[in-house]
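For the working numbering, add 21 to where a residue sits in the sequence shown, where the first one is 1. Note that the Cβ used here is the ideal one computed from N, Cα and C, for glycine as well. It should be emphasised that the depicted structure is a prediction, and the values quoted were computed from it without experimental measurement. Data block below; observations after.
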Amino acid sequence: MKQLTGFIPITALPPSTAASAKQQLLETIEWLQSQGAATETNLNLLTAIVESILWSEESYTRFLQYGFDAAIELFDISSQNWEFEESTSSRHNPRNWDEYKQLQH
Numbered sequence: 022m023k024q025l026t027g028f029i030p031i032t033a034l035p036p037s038t039a040a041s042a043k044q045q046l047l048e049t050i051e052w053l054q055s056q057g058a059a060t061e062t063n064l065n066l067l068t069a070i071v072e073s074i075l076w077s078e079e080s081y082t083r084f085l086q087y088g089f090d091a092a093i094e095l096f097d098i099s100s101q102n103w104e105f106e107e108s109t110s111s112r113h114n115p116r117n118w119d120e121y122k123q124l125q126h
């Protein structure tokens, strides 16, 4: 699908689980590797995001904002053929995530 359309459909993304954050991160890295997307740059970016928490709240907030911007762009592209109501109410829409709403206040 990625080769045909240029993006990965949401259903191909690893499902959210109740696993620990560490386990989710490891599963995400494994998923990136299985998709051929675990490039050095991508893994360095993941490392920077994880380490940003240790530097300052401002750094962490900036990383969150950049991450949400990328997630929103990907969601908008992958859901462009959805019905408007379906798109706006989807649990996959980053605009509906509590963390995003908190960041906007």
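Around the beta-carbon of Asn114, 16 or more other beta-carbon atoms lie within 10 Å, marking it buried. With respect to the 8 Å criterion, Ala59 and Leu53 are classified as neighbours on the basis of their beta carbons. A distance of 8 Å or more separates the beta carbons of Ser99 and Ser111.
Phe89 is not a Cβ neighbour of Leu46, given a cutoff of 8 Å. Shown here for Ser80: same chain residues with a beta carbon closer than 6 Å to its own, the five before and five after excluded, namely Ser73 in chain order.
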